[in-house]
Amino acid sequence: MDLEEQIYTRKSCRNYVDDEIDLTIIDDFMNSTKQLNEDINYRYEILKLDEVNNRARFSAPYYLAIYTDKKENYMDMGFIFEQLCLYLQGIDIGNCWVGLASPKKKNSDFVISISFGKSDNMTRDLSQFKRKSLSEISDAEDERLIPAQLAPSAINQQPWYFKHTDDGFDVYKVKHNIIKRQFVKKWNEIDVGIALAHMYVANEDTFEFYKKANFENINGHIYAGSIKI
Ligand SMILES: Cc1cc2nc3c(=O)[nH]c(=O)nc-3n(C[C@H](O)[C@H](O)[C@H](O)COP(=O)(O)O)c2cc1C
C-alpha cells in the first residue's frame, strides 16, 4: 500500500461504523515507523469509547491514546503517529487526531488521542482541501511542499513555514498570539511533526531530519529543525 497516495485523498474522519477491527495490525505497523529523534520514550494504548472522556462533537469506536515523558517529544509524536494515520487510511480505517478526547484513567504523560474505526466517509478530492497557498507556507513557492501543505493540523491552523536550503528546508513553527497560544500550544508541536511526516512519506528514500546550531531567526517563528529531501 502506498502511504503517499493517502495524503491526497484523506480527510479527518468523523463518521464511523461500529465494526470490530483486528488491532494487531497497529502494533505490526508501529514497528516500521520512522522517528525524527531516536532516543525518546513513548507508548500508546488503544481504548474503547467508554474508556475516554470525549468532548469532541463526534465519537468513534476506538481511540489510540499517546503518552510520552517530555514536551520536547511532541513533534515526534506527530511525526510517528501521522504515519500510522496514513496507513490506517490506506486500509479503509478512518481516523482523526482529537485534542478533545482523553483517557478516563488520568496519566500526566498523556499527549493526545487519535480516533479511528471503519467508515464509509473518509476520502475526498484534492479540490476539497482548505489550505494555505504554497507561497504562504514558504519563502518561495515550491511544489515539493504540497505534501506538507495538505497535512492536517489542530483547528486547521497549518502552523508551519519552510525556508529553502541547498538540499531541503529549514522548518519553522508559526508563533501564535498569547490567547491562541494557550489553547493550541502543545498541538502546534504535533502539527509540525505531522507536516514533516507527510514530507517523509513523499520522500521516503532521501528524507533526513537534523538540527542546525546556526539557523536564521525569523520574526514570529520558532526554528523546529531542518530536512533534506
Ligand atoms: C493535533 C490535532 C488535534 C485535533 N483535534 C481535533 C478535535 O478535537 N476535534 C476535531 O473535530 N478535529 C480535530 N482535529 C482535526 C482538524 O480539525 C483537521 O485536521 C483540520 O481541520 C484539517 O482537516 P482535514 O484533517 O480533514 O484535512 C485535530 C487535528 C490535529 C492535527
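Those letters in the sequence shown? Residues 0 to 228, per numbering that gives the first Met the number 0, in order. We put the CB at the ideal spot given by N, CA and C, even for glycine. Everything numeric in this text was worked out from a predicted model, so none of it was measured.
- An exposed status is given to R180, since fewer than 16 other beta-carbon atoms sit within 10 Å of its beta-carbon.
- In this structure, the straight-line span from the alpha carbon of M0 to that of S114 is close to 21 Å.
- When the alpha-carbon of L99 is set against those of R130, K131, R56, the nearest one is in R56.
- Judged by beta-carbon spacing, G116 lies within the 8 Å limit of Y61, meaning their Cβ atoms are closer than that value.
- Y209 sits away from G192, with the two beta carbons spaced by 8 Å or more.
- With a threshold of 16 other beta carbon atoms within 10 Å, T164 falls short and is exposed.
- DSSP assignment within the segment 52-111 yields the following whole beta strand (DSSP E) runs of 3 residues or more, N-terminal first: 61-67, 92-97, 100-102.
- For the segment 107-142, there is no continuous alpha helix (DSSP H) assignment of 4+ residues that stays within its boundaries.
- Looking at I24, T32, P158, the one whose alpha-carbon comes closest to that of R130 is P158.
- Residue burial annotation: V16 is exposed, with fewer than 16 other C-beta atoms found within 10 angstroms of its C-beta.
- Contact annotation: the segment 78-91 touches the segment 18-29, with at least three C-beta pairs closer than 8 Å.
- Take the alpha-carbon of M121 and the one of E4: they are about 14 Å apart.
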